[in-house]
Every structure is written in structure tokens, then in C-alpha cells.
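For reference, the structure is listed below as C-alpha cells.
Residue numbers (the UniProt record's numbering): 1 to 384.
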């Protein structure tokens, strides 16, 4: 069959050196990323401090606005930050844990950084409550309902779970949270760039994520979305001079918050990382996430069927509507199998209590998938 997305392969040099099936962890680097890095370095080299007023200071807004269509949110509502830990810290620092609403509800299967940030707020009065999973793979909506009530200050929900690639049915969770007046932060790290999103339609108050994975944007380019009508009501304690309404007046004392997305900035902008991330954003926007999702479902199905035929244990949902862009396969001695695959230039990764994570992206060929699975056949046979 003709694959209309494969011409984009030429933009990713690493694909010529190995079978790269790890975009759920670190997306391949676009050629333009090097150009973007040089653009930043040239400005620093030739313009020096003048670069701040000639574009650097606007990098967060410029980069966030490139990301906004992929999230389905308006321009000006996405703030670039260093990573999700920073984004979650900004959100939770704007909440009040001295009143009756002290509860943070988050899934046990969430990425650990969310747990670490929220647990730190226990010292300020927060009560962190975990939604347990019945199978270690999914977070059914019915498990959330009894934990979200009028004591809830924040609900955190990952749209796609990082170990299993299971998609959470967020609609009932959002409905319950709205009924009790609790805001929701949706972690879309494992979704953005491979699953179409419309956060405006969902109505979530917050969303967080990063560019390392499906966006092919590299590290250091996290993002925070705050719904525009919510933004002006928050006064985050985790802040910095870039969030001031008049940062270059260097006013001392309490901060006067900026309007819009700048309100949630912190210190000196991470100009280099955000400039580099734009290369991946341009490509994903040009292709369209709908086309990426269609190909992803077809190719992850190819992996699932091969694994099932071999009797390998699957740790990812079979149904298309419940599966993100990754397939997790748990075979005996999976950590060593993963190491052997990588040694043979089949680049995947391994997670404890999950198994081998394998993820095609828009630049992956069917032949690469078949090769990776053939190598896995050989490696697993050697480990019997």
C-alpha cells in the first residue's frame, strides 16, 4: 500500500542508522532542529544581549502558539515551561489547601513526577488520594467517582498511561469533577502528536505535557495550558520575573501578574530548547495528527497481531479506541530481551511492571516493524 507519510522520513537522519521504535520516549530529531539550534546560537553570537528584544523574549508565546492547534486550544493560552514537574508545580501552587478543599485525586498508574509534586504539598495541607487500578493497566472511570467530592481541590488524569498506552475515558471523570466544582489537569504527554486533541471542547481547566516524545521537539520544552477564563483567577506561588506584568521595570516586592499565558511563566525563558522544539511542531502540524493517528492504529495493530500469534503477553488494550501509540509486550526476562534488541539496533525501551514498549510513528515503515518483530522472535527464542 502507498504510505503518504513516508516522504517525511528524509527529515530524520537517525532513521538511516537503526530501527527506531521509541518515539513514545524520545522522538527522532528532525534535520531542522539543528537549523533552529544554529539560529539561536547565531543570534547569541552576533546580536548578544540585543537578541532578547529582537525575538528571544517572545519565544515562549511563539512556540506555544505553534503547539496550540495540536492541543485544540486558542493562541495565547499555552505557556512553555521546562517540564511537566514545573507545570504541575505552577498549577498546584495556585490552589488553597487551608480550607475544606484539600484533596488531590490522581491515579496510581500516573507518571511518577505527578505523584512527587503533589506529595510535596502535603506539608501545606494537601491530602493526596490515589485512584487504584483493577488490573495494573487501566484506570476505569468508575474507580474515580467515589474519590471526587466537595473536598477535592484538583483532579489529575493522564489521558494515555505511560506503561500500558491505555487511553483513559475522561468524559465521566470530567463530568464528576464539574458536578462538585473541582478543576481538572489533563496530562497529555503521551497523547499530543499521536492522538487528535480538542481540549477546548473537553473543557478542562489545565493540561500539561512535553515535547520529548511524539512531537519530536527534544527535552526542555514542556508546556502548560490554562483555560482562558480560569487564567485570570489564579495567583501561582511558583513564579518568577518572567511572569511579571512589567518584567523589565525590575519592581521589587510582590509580583504583579502578567495577563494571559505569561502569567504562568517563571524565570529566564529556556530560549534554546523552545526554539529547537519548533522544528518538530512544524512537521506534526503539516502532517496533521489525524493522519498520524490512522497510521499509528494500523501499525500498532500489526505489532499486536504478531505478538498474539506468538503467545506473548500484551500489556496494551486491543481496542483501537482505548489504545495510544505504543504497544507494551511482556515476555519472560523482558529487561534482558530489551537490552538484546537495542544491541541489535532495534531501538525500543523497557519499563518495570510493564515490559517492552514498542512504538511506530509517522516515519516508520511496515518493513521496519516486521524486521523488529523478527529480531524479537530470535531474541526471545534465545532466552528460553
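C-beta: ideal position from N, C-alpha, C; glycine also.
| field | Within 8 Å, strictly: CB atoms of residue 178 and residue 100 | value | Not closer than 8 Å, so no.
| request: Report the rounded CA-to-CA distance for residue 64 versus residue 106, giving the unit in angstroms. | output: Going by the C-alpha atoms only, they are around 26 Å apart.
| For the alpha helix (DSSP H) that contains residue 370, what are its first and last residues? | Boundaries of the alpha helix (DSSP H) around residue 370: 366–382.
| query | Is there contact between the region 226–235 and the region 250–267, where contact requires at least three CB pairs shorter than 8 Å? | reply | Contact holds: three or more Cβ-Cβ distances are below 8 Å.
| Close beta carbons around residue 365, own chain, < 7 Å, minus the five adjacent residues each side | So the list reads 6, once near-sequence residues are dropped.
| said: Beta-carbon within less than 8 Å of residue 338's beta-carbon, same chain only, minus the 5 sequence neighbours each way: which residues are those? | reply: Counting only Cβ-Cβ distances below 8 Å, and skipping sequence neighbours, we find 348, 349, 350 and 356.
| query | Taking the alpha-carbon positions, what's the residue 223 to residue 203 distance? | reply | Approximately 17 Å, taken between the alpha carbons.
| field | DSSP three-state assignment for residue 301, whether helix, strand or coil | value | Residue 301: helix per DSSP, three-state reduction.
| field | Contacts around residue 192, its chain only, beta-carbon distance under 7 Å, and the 5 residues preceding and following it disregarded | value | Leaving aside the five residues that flank residue 192 on each side, the residues in its chain whose CB is nearer than 7 Å to its CB run, in chain order, 70, 71, 209, 214 and 215.
| query | Are the Cβ atoms of residue 129 and residue 167 separated by less than 8 Å? | reply | No, these two residues do not count as a Cβ contact at 8 Å.
| With respect to the alpha helix (DSSP H) encompassing residue 59, which residues constitute its N-terminal and C-terminal limits? | First-last of the alpha helix (DSSP H) with residue 59: 59–71.
| Among 21, 3 and 10, which one has its Cα closest to the Cα of residue 345? | When only C-alpha atoms are compared, the closest one is 21.
| query | For residue 306, which residues of its own chain have a beta-carbon under 6 Å away from its beta-carbon, when the five flanking residues on both sides are left out? | reply | These residues qualify, in order along the chain: 373.
| field | Enclosing alpha helix (DSSP H) for residue 12 [first to last residue] | value | No alpha helix (DSSP H) holds residue 12; DSSP gives it neither H nor E.
| message | Excluding the 5 residues flanking residue 285 on each side, which residues of the same chain have their C-beta closer than 8 Å to its C-beta? | response | Taking residue 285 as the centre and dropping the five residues before and after it, the same chain places the C-beta of 66, 69 and 70 closer than 8 Å to its C-beta, in chain order.
| query | DSSP three-state call for residue 40: helix, strand or coil? | reply | Here residue 40 carries a helix assignment [DSSP, helix/strand/coil].
| Span of the beta strand (DSSP E), counted from its first residue to its last, around residue 257 | Neither: residue 257 is in no beta strand (DSSP E) and is coded neither H nor E.
| said: Assuming contact is defined by CB atoms lying nearer than 8 Å, are residue 217 and residue 277 in contact in what I supplied? | reply: Contact: yes.
| message | Just to confirm, is the Cβ distance from residue 59 to residue 230 under 8 Å? | response | No, these two residues do not count as a Cβ contact at 8 Å.
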